[in-house]
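Numbering (this note's numbering), first residue to last: 16 to 149. What follows is a short report on a single structure.
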């Protein structure tokens with residue numbers, strides 16, 4: 016009888032261990048599935064992270080190019096402004112010189128006209144004196 020009890024006890028323990036083993040195997044399968052799910056999520060996040068890093072690098076490159084363009088445009092604008100100011104100064108000097116030349120020419124013309132008028136008046140006066148003398 017004792018032999019039967021030991022046998023039954025061992026059988027009972029064996030069933031319990033088998034149940035525990037089955038539960039453990041089931042838990043392992045669930046953990047493997049969950050691990051696979053997380054690995055897939057991690058892989059997707061890694062791809063997304065890589066894509067975002069590439070976008071960030073491209074954005075930085077574009078920003079660098081934009082800054083270089085801004086610097087070049089600023090330099091070109093400054094040079095164009097300086098050139099324009101030099102041309103304006105040069106044209107202003109030419110206009111002032113032409114204005115001065117025009118004043119001289121006009122004054123010479125006025126002088127000539129005054130001389131003509133004076134000669135004509137003298138001629139008329141002389142003519143009248145001659146008429147009176149005759």
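Note that CB positions come from ideal geometry on N, CA and C, so glycine has one too.
Check: Helix, strand or coil at residue 137 according to DSSP, with G and I counted as helix; Outcome: helix
Check: Inter-residue spacing [alpha-carbon to alpha-carbon] between residue 37 and residue 51; Outcome: 21 Å
Check: Residue 84 in three-state terms, based on DSSP; Outcome: helix
Check: Residue 16, DSSP secondary structure in three states; Outcome: coil
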